[in-house]
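If you're matching positions, the sequence shown starts at 1 in UniProt numbering and goes up one per residue. Just so you know, even glycine gets a beta-carbon here, dropped at the ideal spot from N, CA and C. Report on the structure given below.
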Amino acid sequence: MLHIRLEALCFIIAKAREFQAKEGVVIPESPENPSDDWAMQVLADHGNDYSVREIQDTLAEFNGRQRAELIALMWLGRGDYDIEEWEVAVDDALGDLSVRAAEYLLAHPMVSDYLEEGLIAHGYYCNE
1 MLHIRLEALC
11 FIIAKAREFQ
21 AKEGVVIPES
31 PENPSDDWAM
41 QVLADHGNDY
51 SVREIQDTLA
61 EFNGRQRAEL
71 IALMWLGRGD
81 YDIEEWEVAV
91 DDALGDLSVR
101 AAEYLLAHPM
111 VSDYLEEGLI
121 AHGYYCNE
């Protein structure tokens with residue numbers, strides 16, 4: 001069960017799609033150095049981007065469980081977890097990742113597609 005309103009999820013998906021459709025957004029396949037905080041580096045160049053700020057503002061209103069669910073939703077849509085492992089995925093997303101959820105999510109090139117697939121796995125759809 002999701003603890004995030006569908007409207008908020010669809011808004012985040014739409015804004016992530018807008019952000020990553022812009023020219024100049026380059027997301028590395030993998031970090032150059034394992035100790036690099038590449039999610040923060042990706043967004044450092046786009047800190048003034050309106051779509052990024054809207055996502056960050058929306059996630060600032062989420063509690064830790066909701067941010068963890070958003071990350072778990074991406075993992076579910078990406079195939080890292082099955083729907084039967086939902087609570088495990090949410091538990092795994094709690095902590096540092098959920099605190100930096102916007103940065104972590106936007107550092108993944110196909111986040112909007114993954115989130116949408118995760119929603120579908122839960123039986124929900126965004127009406128566009």
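#1: Exposed or buried, which one is Glu-84 when buried takes at least 16 other CB atoms within 10 Å?
#2: Compute the Euclidean distance between the alpha carbons of Ser-112 and Gly-95, then round it to the nearest angstrom.
#3: Runs of 4 residues minimum, wholly inside the stretch 86–111: which ones carry the alpha helix (DSSP H) assignment?
#4: I'd like to know whether the C-beta atoms of Phe-11 and Glu-61 end up nearer to each other than 9 Å.
#5: Taking only three categories from DSSP, how would you classify Met-1?
#6: Could you check which residue in Tyr-104, Pro-109, His-122 and Asp-82 has the C-alpha nearest to that of Leu-59?
#7: I need the straight-line Cα distance from Ala-72 to Ile-4, nearest angstrom please.
#8: Pick from Pro-109, Glu-87, His-108 and Ala-102: whose alpha carbon is nearest that of Leu-2?
#9: Please confirm whether Met-74 and Gly-123 have their CB atoms less than 9 Å apart.
#10: Using three-state DSSP, classify Gly-123 as helix, strand or coil.
#11: Which residue from Tyr-114, Glu-116, Ala-8 and Arg-67 puts its Cα closest to that of Val-99?
Taking the geometry as given:
#1: Within the sequence shown, numbered from 1, the residue matching residue 84 stands at position 84. Burial call: exposed.
#2: To locate residue 112, count along the sequence shown from 1; it is residue 112. To locate residue 95, count along the sequence shown from 1; it is residue 95. When rounded, the distance between both Cα atoms is 22 Å.
#3: 86–93, 96–99 and 101–106
#4: Residue mapping note: residue 11 aligns to position 11 of the sequence shown, counting from 1. Residue mapping note: residue 61 aligns to position 61 of the sequence shown, counting from 1. Against a cut-off of 9 Å, the Cβ pair of Glu-61 and Phe-11 comes out as no contact.
#5: Residue 1 sits at position 1 when you count from the first residue of the sequence shown. In this structure, Met-1 counts as coil in the three-state DSSP scheme.
#6: The residue you call residue 59 lines up with position 59 of the sequence shown. Looking at the Cα atoms, Tyr-104 is the closest of the given residues.
#7: Here the question's residue 72 lines up with position 72 in the sequence shown. Here the question's residue 4 lines up with position 4 in the sequence shown. C-alpha separation (whole angstroms): 12 Å.
#8: Locating residue 2 in the sequence shown gives position 2, where the first residue counts as 1. Cα-wise, what sits closest to Leu-2 is Glu-87.
#9: For the purposes of this step, residue 74 is taken as the residue at position 74 of the sequence shown. For the purposes of this step, residue 123 is taken as the residue at position 123 of the sequence shown. Taking 9 Å as the Cβ cut-off, Met-74 and Gly-123 do not qualify as a contacting pair.
#10: Translated into positions along the sequence shown, residue 123 becomes position 123. Per DSSP, reduced to three states, the secondary structure at Gly-123 is coil, with no helix or strand assignment.
#11: Numbered from 1 along the sequence shown, position 99 holds the residue referred to as residue 99. Among Tyr-114, Glu-116, Ala-8 and Arg-67, the Cα nearest to that of Val-99 belongs to Arg-67.
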